[in-house]
Amino acid sequence: MTGLRVSNSEMDNLTVDWPGESVQIPDGIDWRKKGYVTSVKNQGSCGSCWAFSAVGALEGQLKKKTGRLLSLSPQNLVDCTRSYGNDGCSGGYMTNAFRYVIDNNGIDSEKSYPYEGQNKNCRYKTSGRVATCVSYKTVPMGNETYLEKTVASVGPVSVAIDASLSSFHHYHKGKNCFLSRYFPRPT
Numbered sequence: 001m002t003g004l005r006v007s008n009s010e011m012d013n014l015t016v017d018w019p020g021e022s023v024q025i026p027d028g029i030d031w032r033k034k035g036y037v038t039s040v041k042n043q044g045s046c047g048s049c050w051a052f053s054a055v056g057a058l059e060g061q062l063k064k065k066t067g068r069l070l071s072l073s074p075q076n077l078v079d080c081t082r083s084y085g086n087d088g089c090s091g092g093y094m095t096n097a098f099r100y101v102i103d104n105n106g107i108d109s110e111k112s113y114p115y116e117g118q119n120k121n122c123r124y125k126t127s128g129r130v131a132t133c134v135s136y137k138t139v140p141m142g143n144e145t146y147l148e149k150t151v152a153s154v155g156p157v158s159v160a161i162d163a164s165l166s167s168f169h170h171y172h173k174g175k176n177c178f179l180s181r182y183f184p185r186p187t
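Counted from 1, the sequence shown has number 143 at position 143 by UniProt numbering; the numbering is strictly sequential.
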């Protein structure tokens, strides 16, 4: 099951900032070892990958800004972002989730708004709010160097894979991995 909604027109209209030539790409960086990433979570059969991706990036940025690593609520996003164009367990965009968190002046913790893996009515409470977001930037699709520089300079980022492609369903340990129009098969 895939919850990411891929819209070429939306992706083509997003604005981006280049991290800059001065950003050096390290040989490796593991934000988990640096304590910027919470534990692995399970979305179950709910197509909420977009919500988990969004909260993962927000958790990393919260740690970077405050020094505190807290689990944020993907269920808050599943339930409360319909008016932003998301469709709960039937899919959504991380950008819509970020817009909601900005407009809402925050997102609840996982503890105060636990994950249920199904669509529910929005139950956001300001008393459960533990993080805010004032802006977000996007990385152009298909630009690995840009992504590497962003991860090196910004920290954990929100990414998604369109798992609806047949090539993804046949993927196994680096084999059968031909990609979309953004990443053509090598000749």
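All C-beta atoms in this analysis are idealised placements derived from N, C-alpha and C, irrespective of residue type, glycine included.
Quantities reported herein were computed from a predicted structural model and do not represent experimental measurements.
In its own chain, which residues sit with a C-beta less than 6 angstroms from the C-beta of residue i, not counting the 5 before and 5 after it?
i   : result
T81 : N96, A97 and Y100
Do you know how far the Cα of residue j is from the Cα of residue i?
i           : j    : result
T138        : K120 : 29 angstroms
residue 274 : Q118 : Lying outside 1 to 187, the shown extent of the chain, residue 274 is not represented and no answer is given.
S127        : G56  : 21 angstroms
S112        : V134 : 22 angstroms
H169        : S22  : 38 angstroms
G28         : S167 : 27 angstroms
D103        : R129 : 13 angstroms
Less than 8 angstroms between the CB atoms is what I'm expecting for residue i and residue j, so what's the real figure, rounded?
i           : j    : result
S83         : S109 : Not quite, the Cβ-Cβ distance comes to about 22 angstroms (not below 8 angstroms), so this is no contact.
F52         : K41  : 6 angstroms
W50         : G91  : 7 angstroms
Y115        : P74  : 6 angstroms
residue 196 : R68  : Shown here, the chain extends from 1 to 187; a query on residue 196 therefore has no answer.
Mark residue i as exposed unless 16 or more other C-beta atoms lie within 10 angstroms of its C-beta, in which case mark it buried.
i    : result
K65  : exposed
S48  : buried
N86  : buried
D79  : buried
G105 : One detail in the question is off: residue 105 reads as Asn in this sequence, not Gly. Exposed.
T150 : buried
Using C-beta distances below 7 angstroms, list every residue in its chain close to residue i, excluding the 5 sequence neighbours before and after it, in chain order.
i    : result
L147 : V139
V159 : S53
N13  : Below a pLDDT of 50, predicted positions are generally treated as unreliable, and N13, at 44, falls in that range; the measurement from the model is reported next regardless. Answer for N13: no residue qualifies.
G155 : W31, Y36, G60, Q61 and K64
> What are the complete beta strand (DSSP E) segments, minimum 3 residues, inside the stretch 84–133?
Replying inline: Qualifying beta strand (DSSP E) stretches, in chain order: 129–131.
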